[in-house]
Amino acid sequence: MIFQRTPRNTPRILAVASGGGHWVQLLRLREAFAGAEVHYATVDPSAAAVVRPAPVHVYPDANKETKVKLALAAFRLLMIVLKVRPDVVISTGAAGGFFAIRFARLIGARTLFVDSIANARHLSVTAQMCRGVADRVVSQWPDVARQSGAEFWGSVL
Amino acid sequence: MIFATVGTQLPFDRLLTALDDWASTHPEVRVMAQTGRTDGTFAHMECAENLGQTEFTTAFEAARVIVAHAGMGSILSASELGKPILLMPRRAALGEHRNDHQLDTAAEMASLPNVTVVQDGKDLASALDRLLGQRDCAVAGSAKASALLIANLQNFIFASVALEMRG
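Here it is in structure tokens:
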């Protein structure tokens, strides 16, 4: 398969989050990335200063209400995935994470969606879309995990 | 100094107006705000529509109390620095968000030691007076996920390599 990437000793992670809380939650996972090569994808170019020297790839901020931008974000994330060729994709949302995970499956990467801790009662729409697409979808709330069939792996707090 | 942030995606003038009103009666307190999109003018606060991450962090760190919508970015940043944070959740019925998940978030986060939740401008003013009256309202901060989540993530990240090496 032409898209298949070569396995590496040091896994390459593409960590994806839009702005605000999604990005702050992604940053709190960084300790788990030690020993891996990490690329970030986010919507705010000023985020690069925070994770330097790790490479940061920028995509347009979009949601369900901004359809054209959403399509642009999807296209941009396809380019990012093909360029980075990650072994592992981890996203804390929102919509951009779904696209990254969807495209990363095409190149055989392992994918994880961590639903925002803001979703204390129900899985987010994006997390629900990721079910059946991502290898793993986890909620940060045990009760939400139980009622939705997602997994509980702990939380960012 | 008080720093207010309402995210950058949707307007939240109800909070900004309430804080500006409070600031008008407390000229001795410096108030800075990242307002996001807004049509309002707030004469008693230093406003910026969208601060970069570095400026945002500087303002956040310098503040005595944070005032914010119930967004997780604000809540987690406050918990990282152990800052007291006053949350006013956005309401879908008032056109402040697409849904009412901030009410849920605020209810869940109210148990954190540095979090105070208010529902309207009147509560905001009295809670702010109370917080500023306390001599030291900071709590211990933490900047990383729970050990359980970190361990599970490490398993996921590094197990995938082990599997591929075998396969």
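Read top to bottom, the protein sequences are chains W and L. Per our numbering, the first sequence starts with residue 2, numbered consecutively. Per our numbering, the second sequence starts with residue 602, numbered consecutively. Virtual Cβ for every residue (Gly too), placed ideally from N, Cα, C.
Which residues DSSP lists as bridging residue i, in chain order
i, result
"Y41/W", "A16/W, V57/W"
"S140/W", "F153/W"
"S92/W", "V17/W, F114/W"
"A605/L", "A634/L, V668/L"
Near the ligand GDP: residue i beta-carbon under 6 Å from a heavy atom
i, result
"L682/L", "With respect to small molecules bound, the structure shown includes none, and the ligand GDP cannot be examined in it."
Continuous alpha helix (DSSP H) stretch holding residue i: start and end
i, result
"T112/W", "Note, T112/W: premise wrong, no alpha helix (DSSP H); beta strand (DSSP E) at 111-115."
"V126/W", "126-131"
"S675/L", "673-682"
"I81/W", "68-85"
"T642/L", "T642/L -> no alpha helix (DSSP H), and no H or E assigned at all."
Listed by chain order, chain W residues near residue i by CB distance under 7 Å
i, result
"D705/L", "A121, R122"
"E709/L", "A121"
"H702/L", "A119, N120"
Unbroken beta strand (DSSP E) run spanning residue i, endpoints
i, result
"L688/L", "686-689"
"H670/L", "666-670"
Chain C within 7 Å of residue i, Cβ atoms only
i, result
"S727/L", "Chain labels in this structure do not include chain C; the protein chains are W and L."
Helix, strand or coil at residue i [DSSP, three-state]
i, result
"G768/L", "Residue confidence is low: G768/L scores 43 on pLDDT, short of 50, so the model does not pin down where it sits. No coordinate-derived value is stated."
"Q735/L", "coil"
"E647/L", "strand"
"R9/W", "coil"
"V716/L", "strand"
"A741/L", "coil"
"V632/L", "strand"
"F613/L", "coil"
"H123/W", "coil"
"V160/W", "The requested residue 160/W does not occur in the structure, where chain W is confined to residues 2 to 158."
"Q755/L", "helix"
"R699/L", "coil"
"S625/L", "helix"
"G653/L", "coil"
"I102/W", "helix"
"A1/W", "The requested residue 1/W is not part of the displayed model; chain W covers only 2 to 158."
"A63/W", "coil"
"S747/L", "coil"
"D705/L", "helix"
"V25/W", "helix"
"D721/L", "coil"
"M2/W", "Here M2/W scores only 47 on pLDDT, less than 50, and its place in the model should not be relied on; the value that follows carries that caveat. M2/W falls in the coil class under three-state DSSP."
"G97/W", "helix"
"L107/W", "helix"
"A35/W", "coil"
"R135/W", "Sequence inspection shows Ala at residue 135/W; the Arg mentioned does not correspond to that position. Three-state result, A135/W: coil."
"L30/W", "coil"
"A619/L", "helix"
"A663/L", "helix"
"A694/L", "helix"
"A726/L", "helix"
Proximal chain W residues relative to residue i, where beta-carbon distance stays under 8 Å
i, result
"F613/L", "The premise fails here: F613/L is roughly 13 Å from chain W at the closest Cβ pair, so nothing lies under 8 Å."
"I751/L", "L30, E32, A33, G155"
"S680/L", "L158"
Closer than 9 Å at the beta carbon, the chain L residues around residue i
i, result
"L113/W", "L754, F757, I758"
"Q26/W", "M673, G674, L677, A746"
"V51/W", "Q654, T655, T658"
Under 8 Å from the C-beta of residue i: neighbouring residues of chain L
i, result
"S47/W", "G653, Q654, T655"
"S117/W", "M673"
"R137/W", "F757"
"V82/W", "Result: empty, since nearest Cβ-Cβ is about 16 Å, beyond 8 Å."
"A37/W", "I758, F759"
Proximal chain W residues relative to residue i, where beta-carbon distance stays under 9 Å
i, result
"G608/L", "G20, G21, G22"
"S712/L", "Under the 9 Å cutoff, chain W gives no residues; its nearest Cβ is about 11 Å from S712/L."
7 Å Cβ cut-off: residues of chain L touching residue i
i, result
"S92/W", "Within chain L, no residue comes near S92/W; the closest Cβ sits about 12 Å away, beyond 7 Å."
Check your understanding: Do the region 640-648 of chain L and the region 603-615 of chain L touch if we need at least three Cβ pairs shorter than 8 Å?
Key -> yes
Review point. Does the region 28-40 of chain W come within contact of the region 742-754 of chain L, defined as at least 3 CB pairs closer than 8 Å?
Key: yes
Check your understanding: For the region 123-143 of chain W against the region 50-57 of chain W, are there 3 or more C-beta pairs whose distance is under 8 Å?
Key -> no
Review point. Given 8 Å as the limit, is there contact between the region 608-624 of chain L and the region 688-706 of chain L, that is, 3 or more CB pairs closer than that?
Key: yes
**Study point:** Three CB pairs or more closer than 8 Å across the region 100-113 of chain W and the region 672-688 of chain L
**Key:** no
**Study point:** Inter-stretch contact at 8 Å, needing at least 3 Cβ pairs: the region 694-713 of chain L / the region 118-126 of chain W
**Key:** yes
Point to revise | contact_flag[the region 722-735 of chain L, the region 7-18 of chain W] where n(CB pairs < 8 Å) is 3 or more | key: no
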